[in-house]
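Residue numbers (the UniProt record's numbering): 1 to 437. Just so it is clear, CB atoms sit at the ideal spot from N, CA and C, and this is done for glycine as well. First comes the structure, then the notes that go with it.
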């Protein structure tokens, strides 16, 4: 098999593996809608003219497309594909079916759909920078407020401490989510490096495996490990198949070479007999010409067969080398990813500690300097053809297209008794050691 085919096969395996990342798995349960921007990749296997030539993966489509206001995904060749309300996996199947129907192929092409950019969410109310912002998976109301600059600071009170606490708590919650992801990812990489069939997760993950987010991360990494192993085994098996094919061809060439050897021996014997007759005057010399021609032709065929056998031997060696390189490259890739994950994990842990100190300091300062009440939050979310508003805590999930409304109760009249713990709820609900993305 050519290096080009191997490269195409590896590219396709990486495309399929891309869809198995935790972000892609979270997107599988996400209902797509207008303004979501997607990356769509479609590949089709094309068989060569001869069985021995193998085949190749041909890219039918690879690009970014946005769902229109009608809920359709406009694609070249096949036109509009209904996308609103579907998960990415379901849409990928629909795209593959549409291409199969359009191209009239016997087998369905391989299609993958990945969310490149979610539709935005909106923050309104008493925040520093109200407006629309790009959505990120796992966001909460607290994250949204933090992205919008935190609460609006009134000139006559020390709300900057509350802003600092909100910003630090929001960043800390993101760092906790990043830490959890890095912990399970590092465990998976260590299992792959050791050649284990299962993943030995650390105790700080196992003690929280009952939590939906942790359970999902563990399941995602197990799926990634399985699919990466399947992709690698398939690539190695393909090289072994090529090696076996080249060896079988070598056996056929050896049989042909043996037949030609026999032809040459017969021609040589006939040439010797006729030469002897010519030397005795019992035959004429021209009778030797066709015999010599057959012998020369057989020698030429033998040299060609020897050249073909040498090329086949090189193909066998190349297949062996490529199979070994696949495993070596995978091990190198795992080591690099593990090194990066450990470095990022240490960085996330340091940021968690720093953010917690900022939260504790700002919360204490706010209690001393201000009697401002804790903000309240509401989320406006589309349900069918209507927008419905609900009061939510700051840890509530934010979805693409949501409108987050941030409100503060009226300021207390002069002389009124201060409320207890103006940011106690903030500390209780966003304490970094208990925060959940």
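Anticipated Cβ contact below 8 Å, residue i with residue j, distance rounded
{"i": "residue 186", "j": "residue 378", "result": "Contact flag wrong, Cβ pair sits at about 39 Å."}
{"i": "residue 73", "j": "residue 41", "result": "So it is not a contact: roughly 13 Å between Cβ atoms."}
{"i": "residue 92", "j": "residue 111", "result": "5 Å"}
{"i": "residue 225", "j": "residue 205", "result": "With a Cβ gap of about 15 Å, residue 225 and residue 205 do not count as contacting."}
{"i": "residue 115", "j": "residue 193", "result": "30 Å between Cβ atoms; not a contact."}
{"i": "residue 401", "j": "residue 119", "result": "5 Å"}
Reduced DSSP secondary structure (H/G/I, E/B, other) of residue i
{"i": "residue 429", "result": "Any reading at residue 429 is ruled out, since the residue's pLDDT is 33, under 50, leaving its predicted position unreliable."}
{"i": "residue 413", "result": "Confidence at residue 413 is low in this model, with a pLDDT of 36, below 50, so the placement of that residue should be treated as unreliable; the coordinate-derived value is given next. The answer is coil: DSSP assigns residue 413 none of H, G, I, E or B."}
{"i": "residue 286", "result": "helix"}
{"i": "residue 131", "result": "strand"}
{"i": "residue 141", "result": "helix"}
{"i": "residue 95", "result": "helix"}
{"i": "residue 213", "result": "helix"}
{"i": "residue 388", "result": "strand"}
{"i": "residue 61", "result": "strand"}
{"i": "residue 164", "result": "helix"}
{"i": "residue 315", "result": "helix"}
Own chain, CB closer than 7 Å to residue i, minus 5 neighbours either side, in chain order
{"i": "residue 130", "result": "123, 124 and 148"}
{"i": "residue 102", "result": "77 and 78"}
{"i": "residue 348", "result": "175, 178, 179 and 182"}
{"i": "residue 222", "result": "199"}
{"i": "residue 105", "result": "44"}
Cβ neighbours of residue i in the same chain (closer than 8 Å, five flanking residues each side left out)
{"i": "residue 319", "result": "1, 239, 240, 242, 243 and 246"}
{"i": "residue 200", "result": "187, 190 and 191"}
{"i": "residue 264", "result": "295, 298, 299 and 302"}
{"i": "residue 127", "result": "145, 148, 149, 150, 151, 152 and 406"}
{"i": "residue 171", "result": "146, 351 and 355"}
{"i": "residue 345", "result": "179, 182, 183 and 186"}
{"i": "residue 334", "result": "189, 192 and 193"}
According to DSSP, residues forming a beta bridge with residue i
{"i": "residue 329", "result": "Per DSSP, none; premise fails for residue 329."}
{"i": "residue 151", "result": "127"}
{"i": "residue 72", "result": "82"}
{"i": "residue 179", "result": "Beta-bridge pairing links residue 179 to no other residue."}
{"i": "residue 239", "result": "In DSSP, residue 239 forms no bridge with anything."}
{"i": "residue 404", "result": "123 and 379"}
{"i": "residue 41", "result": "62 and 112"}
{"i": "residue 397", "result": "140"}
{"i": "residue 117", "result": "37"}
Residues near residue i by beta carbon distance below 6 Å, same chain, minus five either side
{"i": "residue 94", "result": "81"}
{"i": "residue 403", "result": "122 and 380"}
{"i": "residue 315", "result": "246"}
Any C-beta of chain B under 8 Å from that of residue i
{"i": "residue 344", "result": "Of the protein chains in this structure there is only one, and it is not chain B."}
Say whether the stretch 349-361 touches the stretch 381-392, bearing in mind that this needs 3 or more beta-carbon pairs closer than 8 Å, one atom from each stretch.
With the cut-off at 8 Å, the stretch 349-361 and the stretch 381-392 do not touch.
Taking contact to mean 3 or more Cβ pairs, one atom from each stretch, closer than 8 Å, check whether the stretch 300-313 and the stretch 251-268 are in contact.
They touch, by the three-pair rule.
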